[in-house]
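Down below is the structure, laid out as structure tokens.
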Amino acid sequence: MGPGYYSKLILVFSLFIVGCYKKGSVDEAIKSVEQASLIKEYDNPSLFVGEAYCYYVYQSVLDPVKIPPQKFGEFVKGGTLSLEFITGYNQWISSKKGELCKLVVGQDFKPIDLDENKKYVIFLNKSAIHNDGQDIKITQNHEKLHVAFSLFKNKRDRIRKIWSSMPIKEKNEFKESHPGYNFSNEEVVLREFFAYKFQGQLNKGIQFLID
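Residue numbering for the sequence shown follows my numbering, starting at 93 and increasing by one per position.
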């Protein structure tokens, strides 16, 4: 066996090590996302609306004129809450705008039930998921990608670069296919674009983000 054989063998071994390292990094990143998240599943969409709707309004994720509470419960399949913003939300919910939101939601409104050992709450509206004929895992992946987007903030430029390079027509098609989001907020655009792009392949989405 000549030196060329050993060079090839070393190259293959090196690629194997790199591949294992990347897989380990992705697995660790997913583990970080899951350990940081409390997953709450709702069989009753009214309970989902009562706990999540006003937080969405507070975060300016949706337009409450386009998506009132009833529509939210029927069509929104999930959501993610960061405890980083819970103090601000609790203050807002006692303000005039917050009181108005509670009034719109009605008797279903309730404070968000939290686990202080977690950094995020993932909401899953099972009724809307099943009505859409979708596997609940897709929505779980979508929301886990939201958490990853938040956890790995320093990696967002990769998403921004892809979004910025897209033709205006494709950007508009994406926005039109997901009505109700506040796409005037760049963070919402990048987060949703990333989550929808990779929701069917969680590992690839995480790998794209952290590589």
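Yeah, the Cβ is synthetic: ideal placement off N, Cα and C, and Gly gets one too.
Given the structure is predicted, the values throughout are model-derived calculations rather than measurements.
Under 9 Å between C-beta atoms of residue i and residue j
i: I228; j: K218; result: yes
i: S129; j: Y212; result: yes
i: E166; j: P203; result: no
i: E284; j: Y273; result: yes
i: E208; j: L243; result: no
i: I131; j: Q226; result: no
i: I292; j: I254; result: The residue asked about is misnamed: residue 292 is Gly in this sequence, not Ile. No. Outside cutoff.
i: P161; j: Y145; result: yes
i: A240; j: L282; result: no
Residue i to residue j span [Cα, whole Å]
i: M258; j: W184; result: 36 Å
i: E268; j: Y288; result: 13 Å
i: D224; j: F215; result: 16 Å
i: S276; j: V168; result: 19 Å
i: K296; j: D155; result: 31 Å
i: H222; j: I298; result: 26 Å
i: C193; j: G171; result: 18 Å
i: H234; j: F290; result: 8 Å
i: L173; j: I260; result: 30 Å
i: D119; j: D303; result: 13 Å
i: I159; j: G142; result: 14 Å
i: K263; j: Y134; result: 32 Å
i: S186; j: T179; result: 11 Å
i: A220; j: F286; result: 21 Å
i: I139; j: K163; result: Strictly speaking, residue 139 in this sequence is Leu, with Ile absent from that position. The alpha-carbon atoms of L139 and K163 are separated by roughly 14 Å.
Element boundaries [beta strand (DSSP E), containing residue i]
i: Y134; result: 129 to 134
i: L282; result: Counting along the chain, L282 falls outside any beta strand (DSSP E), though it belongs to the alpha helix (DSSP H) covering 278 to 290.
i: S152; result: It is not in any beta strand (DSSP E) - S152 carries neither H nor E in the DSSP assignment.
i: G170; result: 170 to 174
N- and C-terminal bounds of the alpha helix (DSSP H) containing residue i
i: G344; result: Only positions 93 to 303 of the chain appear in this structure, which leaves residue 344 out of reach.
i: R267; result: The sequence shown places Lys at residue 267, not Arg. Unbroken alpha helix (DSSP H) run through K267: 260 to 269.
i: P161; result: 161 to 167
Could you tell me whether the stretch 195 to 208 touches the stretch 234 to 254, where touching means 3 or more Cβ pairs closer than 8 Å? no
Can you find at least 3 beta carbon pairs, one from the stretch 140 to 153 and one from the stretch 119 to 130, that sit closer than 8 Å? no
Threshold first: 4 residues or longer. Then list the alpha helix (DSSP H) segments lying entirely within the stretch 176 to 247, N to C. 178 to 184, 188 to 197, 218 to 223, 228 to 243
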